[in-house]
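**Student:**
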Amino acid sequence: MDGQQFRAAAHSAIEDIVNYFDSVPDRRVLPAVDPGYLRPLIPENPPTDGETWETIQQDVDTKIKPGLTHWQSPNFMAYYPASVTYPSILGEMYSATFTAPAFNWLCSPACTEMETIVMDWVAKALGLPECFLSTSENLGGGVIQNSASDAIATMLVAARERRVREMVLAEGLQEGSMEYEERKMDLQPRLVAIASDQTHSSAAKGALIAGTRFRTVPTRLDENMEMTGARLREVLEKCEKDGLMPYHLTMTFGTTNTCSVDRFAEIKAVLQEKPAWQRIWVHVDAAYAGAALVADEWQYIAKDFAEGVDSFNMNMHKWLLVNFDASVLFVRNRLDLTNALDITPTYLRNPYSDMGTVIDYRNWSISLGRRFRALKIWFVMRSYGLNGMKAHIRRTIELGNTFADLIRGRSDLFEIVTKPAFALTVFRIKGSKPANGHVNGHSDGQSTGGSAVRKDDAADLVTRQVSEVINSRGEIFITSTVIDGIYVIRVVSANP
Ligand code: PLP
Numbered sequence: 001m002d003g004q005q006f007r008a009a010a011h012s013a014i015e016d017i018v019n020y021f022d023s024v025p026d027r028r029v030l031p032a033v034d035p036g037y038l039r040p041l042i043p044e045n046p047p048t049d050g051e052t053w054e055t056i057q058q059d060v061d062t063k064i065k066p067g068l069t070h071w072q073s074p075n076f077m078a079y080y081p082a083s084v085t086y087p088s089i090l091g092e093m094y095s096a097t098f099t100a101p102a103f104n105w106l107c108s109p110a111c112t113e114m115e116t117i118v119m120d121w122v123a124k125a126l127g128l129p130e131c132f133l134s135t136s137e138n139l140g141g142g143v144i145q146n147s148a149s150d151a152i153a154t155m156l157v158a159a160r161e162r163r164v165r166e167m168v169l170a171e172g173l174q175e176g177s178m179e180y181e182e183r184k185m186d187l188q189p190r191l192v193a194i195a196s197d198q199t200h201s202s203a204a205k206g207a208l209i210a211g212t213r214f215r216t217v218p219t220r221l222d223e224n225m226e227m228t229g230a231r232l233r234e235v236l237e238k239c240e241k242d243g244l245m246p247y248h249l250t251m252t253f254g255t256t257n258t259c260s261v262d263r264f265a266e267i268k269a270v271l272q273e274k275p276a277w278q279r280i281w282v283h284v285d286a287a288y289a290g291a292a293l294v295a296d297e298w299q300y301i302a303k304d305f306a307e308g309v310d311s312f313n314m315n316m317h318k319w320l321l322v323n324f325d326a327s328v329l330f331v332r333n334r335l336d337l338t339n340a341l342d343i344t345p346t347y348l349r350n351p352y353s354d355m356g357t358v359i360d361y362r363n364w365s366i367s368l369g370r371r372f373r374a375l376k377i378w379f380v381m382r383s384y385g386l387n388g389m390k391a392h393i394r395r396t397i398e399l400g401n402t403f404a405d406l407i408r409g410r411s412d413l414f415e416i417v418t419k420p421a422f423a424l425t426v427f428r429i430k431g432s433k434p435a436n437g438h439v440n441g442h443s444d445g446q447s448t449g450g451s452a453v454r455k456d457d458a459a460d461l462v463t464r465q466v467s468e469v470i471n472s473r474g475e476i477f478i479t480s481t482v483i484d485g486i487y488v489i490r491v492v493s494a495n496p
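Residues in the sequence shown are numbered from 1 upward in steps of one, following full-length UniProt numbering.
1) Who are the near neighbours of residue 352 in its chain, counting only those whose CB is closer than 7 Å to its CB and skipping five residues on each side?
2) Thinking just about the alpha-carbon of each residue, which of 53, 74 and 19 is nearest to the one in residue 28?
3) Counting C-beta neighbours from all protein chains within 10 Å, is the total for residue 8 16 or more, i.e. buried, or is it exposed?
4) With distances taken from CA atoms, which of 92, 17, 145 and 80 is nearest residue 364?
5) Looking at the secondary structure, which residues open and close the beta strand (DSSP E) in which residue 34 lies?
6) Out of curiosity, what's the CA-to-CA distance linking residue 339 and residue 158?
7) Could you check whether the segment 164-175 touches the segment 195-214, counting it as contact only if at least three pairs of C-beta atoms, one from each stretch, sit closer than 8 Å?
8) Determine the closest residue to residue 259 out of 150, 50, 101 and 481, with distance taken between C-alpha atoms.
9) Just to confirm before moving on: does the CB-CB distance between residue 326 and residue 315 stay below 9 Å?
10) Which term fits residue 423, buried or exposed, when burial requires 16 or more other beta carbons within 10 angstroms of its beta carbon?
11) Can you give me the Cβ contacts of residue 72 inside the same chain, cut-off strictly under 6 Å, excluding the 5 residues immediately before and after it?
12) Under three-state DSSP, which class holds residue 200?
13) Select from 262, 119 and 270 the residue whose C-alpha is nearest the C-alpha of residue 234.
14) Hey, could you find the ends of the alpha helix (DSSP H) residue 339 is sitting in?
15) For the segment 279-311, list the beta strand (DSSP E) runs that are entirely contained and at least 3 residues long, ordered along the chain.
16) By DSSP, does residue 80 sit in helix, in strand, or in coil?
17) Confirm, please, whether the CB-CB distance from residue 283 to residue 248 is below 9 Å.
18) Looking at ligand 1, does it come within less than 8 Å of residue 285, judged from the CB to the closest heavy atom?
19) Which one of 341, 485 and 390 has the shortest CA to CA distance from residue 368?
20) Helix, strand or coil for residue 456? Go by DSSP, reduced to three states.
21) Straight-line CA distance for residue 286 to residue 17?
22) May I have the straight-line CA-CA distance separating residue 205 from residue 188, to the nearest angstrom?
23) Any chance the CB of residue 51 is under 8 Å from a heavy atom of ligand 2?
24) With distance defined between alpha-carbon atoms, name the residue in 31, 51, 20 and 64 nearest to residue 40.
25) Pick out the complete beta strand (DSSP E) segments inside the segment 468-496, 3 residues or longer, and give them in chain order.
26) If you measure between the beta carbons of residue 250 and residue 295, is that distance less than 9 Å?
27) Quick one: what does DSSP say residue 43 is sitting in, helix, strand or coil?
28) Does at least one heavy atom of ligand 1 sit under 8 Å from the Cβ of residue 102?
29) Taking only the alpha-carbon atoms, compute the straight-line gap between residue 67 and residue 50 and give it to the nearest angstrom.
30) Of the choices 346, 474, 484 and 88, whose alpha-carbon is the least far from that of residue 456?
31) Quick one: grab the DSSP three-state call for residue 271.
32) For residue 387, does the count of other Cβ atoms within 10 angstroms reach 16, so buried, or fall short, so exposed?
33) May I have the straight-line CA-CA distance separating residue 275 from residue 95, to the nearest angstrom?
34) Who are the Cβ neighbours of residue 20 in its own chain at under 6 Å, not counting the five residues just before and after it?
35) Quick one: Cα of residue 503 to Cα of residue 218, how far?
36) Do you know whose CA, among 278, 472 and 252, lies nearest residue 301's CA?
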């Protein structure tokens, strides 16, 4: 394809993309295909001779679109959204055009410098404390990661290295010596990462990748599934009794199941109780709900991160108008990251890096090469402005509140299970009405504490049936889950 052909193909592709977005509301959200639908439609072997763009584009229509789940549909209310906007798509086009795996500053100075600047913009837009800015005295800063899972795993590795290093150096061993390495390896098996039982599974996976243990803090429905200080203290004490060393804690701002917010102030107070607990790396996972911080009325939450929080991540690609992947990670001290991840063979050296005056993002993440993702964030922030971003957050939260009110208005049929939050409503169908014409609701006496909602087999059954019927029709897509033993439906209205 030459430039002339590209121009024609790109015009045609853009027409198709705009038409796709225009038609999305009228499409079924879930595709009507069975597993394996695609293989018979695609030739077994790649073509020997090149094909025209017309032929390729036709196949997008006939073979790809029928198998898509339409995440951009207004009827997509499952999981959390994966937003995309036109300015973000333009950013992707330029990013592909300027392709450069910009691992060192020298590999493409604009990629690195734009990332640093845009991360400062994002930190300011979210009202994060000054300590997370690249210009802070404490050497904070932000980096774009592929996903929240990458960000969290990277933080666990950095936390492990920081903790073990501190201990081994305190014993007077020389960094780089055989004794140093041996002692590090002796200590590592005693490290344990902690998170609540509502924390996203990426924390457990991160601990696995970091090669450490993982323990969870139980949550309860009568505490709105939030991690509390008291329950954290019990787990920390138990770990110590078992001879383990807690080294990393994930606090969640907006859990995956119910969008609950852990009790940051209580948790931080508990961590102050013992010197060993003060050394725990505290990470805030705000993958979804962190987007709400662009709106002034939520920024009081971020004030809590000024002290006692080492790192913070949120996904702009969930609720903040930038398409996947745009997971932003902020650290209080970049040296914690680079000490853990900087491995510099000769072929990666250059005078700028050697002088230490530039950022080489390869030392801030697991991958070496990286895409120019800052462009799409820059385009979106400039196109929407802070006011446009706030308006999007407020409008979608308002939609969520409207939905929650509709559910409350039919209390004969529905029960809200956790506090509606950030455009997410978690509810169930009441079990007191016959389900399938013969099942009557009953409580099995398994109380969920002070909450009005109790375990009820009939409610579980009918809620699951309703959820399955809705998704099998494919017009609306919702997610169901189980919290504190109760089957629930989650509906989220945060799609732009
Ligand atoms: N953390 C939370 C709270 C989430 O809800 C999710 C995904 O929904 C993740 C982490 C993982 O996100 P990613 O897909 O970016 O790894």
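Even glycine gets a Cβ: it sits at the ideal position worked out from N, Cα and C. Predicted, not measured: the structure shown is a model, and the values here were computed from it.
**Tutor:** Straight from the coordinates:
1) Translated into positions along the sequence shown, residue 352 becomes position 352. Taken in chain order, the residues that qualify are 105, 106 and 358.
2) Your numbering for residue 28 matches position 28 in the sequence shown. Of 53, 74 and 19, the residue nearest in Cα terms is 74.
3) As a position in the sequence shown, residue 8 is number 8, starting the count at 1. So residue 8 ends up on the exposed side.
4) For the purposes of this step, residue 364 is taken as residue 364 along the sequence shown, with counting starting at 1. That would be 145, whose Cα lies nearest to the Cα of residue 364.
5) On the sequence shown, position 34 is the one that residue 34 refers to. It is not in any beta strand (DSSP E) - residue 34 carries neither H nor E in the DSSP assignment.
6) For the purposes of this step, residue 339 is taken as residue 339 along the sequence shown, with counting starting at 1. For the purposes of this step, residue 158 is taken as residue 158 along the sequence shown, with counting starting at 1. Going by C-alpha positions, residue 339 is about 8 Å away from residue 158.
7) no
8) In the sequence shown, counting from the first residue as 1, residue 259 sits at position 259. Nearest C-alpha to residue 259: 481.
9) On the sequence shown, position 326 is the one that residue 326 refers to. On the sequence shown, position 315 is the one that residue 315 refers to. Yes. Within cutoff.
10) One-based indexing of the sequence shown puts residue 423 at position 423. Buried, because 16 or more other Cβ atoms sit within 10 Å of the Cβ of residue 423.
11) Looking up residue 72 in the sequence shown gives position 72. Once the five neighbours on either side are set aside, the close Cβ partners of residue 72 are 24.
12) The sequence position of residue 200 within the sequence shown is 200, counting from 1. Residue 200 falls in the coil class under three-state DSSP.
13) Position 234 of the sequence shown holds residue 234. Here the closest residue by C-alpha is 270.
14) By one-based count along the sequence shown, residue 339 stands at place 339. Where residue 339 is concerned, the enclosing alpha helix (DSSP H) stretches over 334-341.
15) You should have 281-285.
16) Position 80 of the sequence shown holds residue 80. In the structure shown, residue 80 sits in coil (DSSP, three-state: anything other than H, G, I, E or B).
17) Mapped onto the sequence shown, residue 248 falls at position 248. Mapped onto the sequence shown, residue 283 falls at position 283. Cβ atoms of residue 248 and residue 283: closer than 9 Å.
18) In the sequence shown, counting from the first residue as 1, residue 285 sits at position 285. Yes, the Cβ of residue 285 comes within 8 Å of a heavy atom of ligand 1.
19) For this step, residue 368 is matched to residue 368 along the sequence shown. Looking at the Cα atoms, 341 is the closest of the given residues.
20) As a working mapping, residue 456 is identified with position 456 in the sequence shown. Residue 456 falls in the strand class under three-state DSSP.
21) The sequence position of residue 286 within the sequence shown is 286, counting from 1. The sequence position of residue 17 within the sequence shown is 17, counting from 1. Whole-angstrom Cα-Cα distance: 31 Å.
22) Taking the first residue of the sequence shown as position 1, residue 205 is located at position 205. Taking the first residue of the sequence shown as position 1, residue 188 is located at position 188. Computed Cα separation, rounded: 17 Å.
23) No copy of ligand 2 appears in this structure; the ligands present are ligand 1.
24) Translated into positions along the sequence shown, residue 40 becomes position 40. Comparing Cα positions, the closest option is 64.
25) With a minimum length of 3 residues, the continuous beta strand (DSSP E) runs that stay inside the segment 468-496 are 479-483 and 486-492.
26) As a first step, residue 250 is located in the sequence shown; it is residue number 250 there, counting from the start. As a first step, residue 295 is located in the sequence shown; it is residue number 295 there, counting from the start. Not in contact: residue 250 and residue 295 (Cβ atoms no closer than 9 Å).
27) Start at 1 with the first residue of the sequence shown, and residue 43 comes out as number 43. Note: residue 43 maps to coil in three-state DSSP.
28) Residue 102 sits at position 102 when you count from the first residue of the sequence shown. Result no, Cβ not under 8 Å from ligand 1.
29) The sequence position of residue 67 within the sequence shown is 67, counting from 1. The sequence position of residue 50 within the sequence shown is 50, counting from 1. Approximately 25 Å between the Cα atoms of the pair.
30) To locate residue 456, count along the sequence shown from 1; it is residue 456. Measuring from the Cα of residue 456, the nearest candidate turns out to be 484.
31) Within the sequence shown, residue 271 is the residue found at index 271, counting from 1. DSSP places residue 271 in helix when its eight states are reduced to three.
32) As a first step, residue 387 is located in the sequence shown; it is residue number 387 there, counting from the start. Exposed, since its Cβ has fewer than 16 Cβ neighbours within 10 Å.
33) The sequence position of residue 275 within the sequence shown is 275, counting from 1. The sequence position of residue 95 within the sequence shown is 95, counting from 1. In a straight line, the C-alpha of residue 275 is about 46 Å away from that of residue 95.
34) Looking up residue 20 in the sequence shown gives position 20. Leaving aside the five residues that flank residue 20 on each side, none in its chain has a CB nearer than 6 Å to its CB.
35) Missing from the structure shown is residue 503; the chain here goes from 1 to 496 and no further.
36) Taking the first residue of the sequence shown as position 1, residue 301 is located at position 301. It is 252 whose Cα lies nearest to the Cα of residue 301.
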